[in-house]
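The sequence shown begins at 10 in the numbering used here and counts up one residue at a time.
Take a look at the structure set out below.
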Amino acid sequence: MSVQAVLLPVFVLVGLAFALLMGMAVARTRSLRLGETRFEDIALREPNWSARPTQIANCFSNQFEIPVLFYILIALALPLRHADLVIVVLSWVFVITRFVHAGIFVTSNNVPQRGLAWFVGVVVLLVMWIYFALRMMLV
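As structure tokens, this is what we get:
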């Protein structure tokens with residue numbers, strides 16, 4: 010697979026993180042302007058933001074949990090030349106699950122639906138790691 014094909018899902022997932030970061034900044038600024046949150050409430054980094062900024066911030070923070078294992082896998086598979094079509098297809102499936110998860114998180118925040126999207130993503134990532142490990146050990 011080409012380097013571009015392998016890295017494109019990574020870039021898209023990084024784009025999601027930056028979009029959430031910007032959304033969090035907008036939501037926090039709005040919360041401050043509307044008086045829902047006061048500067049004194051957040052001066053010591055206490056979790057005193059109103060609901061909407063907290064919701065987006067939690068989703069943003071979540072991008073540095075399970076996705077880190079995805080980034081590590083790609084960072085290993087690419088230079089070791091084990092990033093094949095299976096890895097690329099599964100990468101896209103994983104990225105789609107992350108977008109679904111984030112979309113649910115910042116809209117309805119329906120926990121069962123969000124949990125299902127998270128779980129599917131974790132299973133896809135686990136399959137990717139098993140596939141990668143087997144290719145490394147058996148080739």
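Beta carbons are placed, not taken as given, at the ideal position from N, Cα and C, and that holds for glycine.
Query	Result
Pro-62 and Ala-36 - do their beta-carbons sit closer together than 7 Å?	yes
What separation, rounded to the nearest whole angstrom, lies between the Cα atoms of Leu-22 and Val-104?	6 Å
Considering Cα atoms alone, identify which of Ser-40, Trp-101 and Thr-38 is closest to Leu-17.	Trp-101
From this set, Arg-42, Cys-68 and Val-12, which residue's C-alpha is nearest Val-109's C-alpha?	Cys-68
Give a yes or no on whether the C-beta atoms belonging to Gly-32 and Ile-65 are separated by under 7 Å.	yes
Inspect the beta-carbon positions of Ala-126 and Thr-106 and report whether they are closer than 7 Å.	yes
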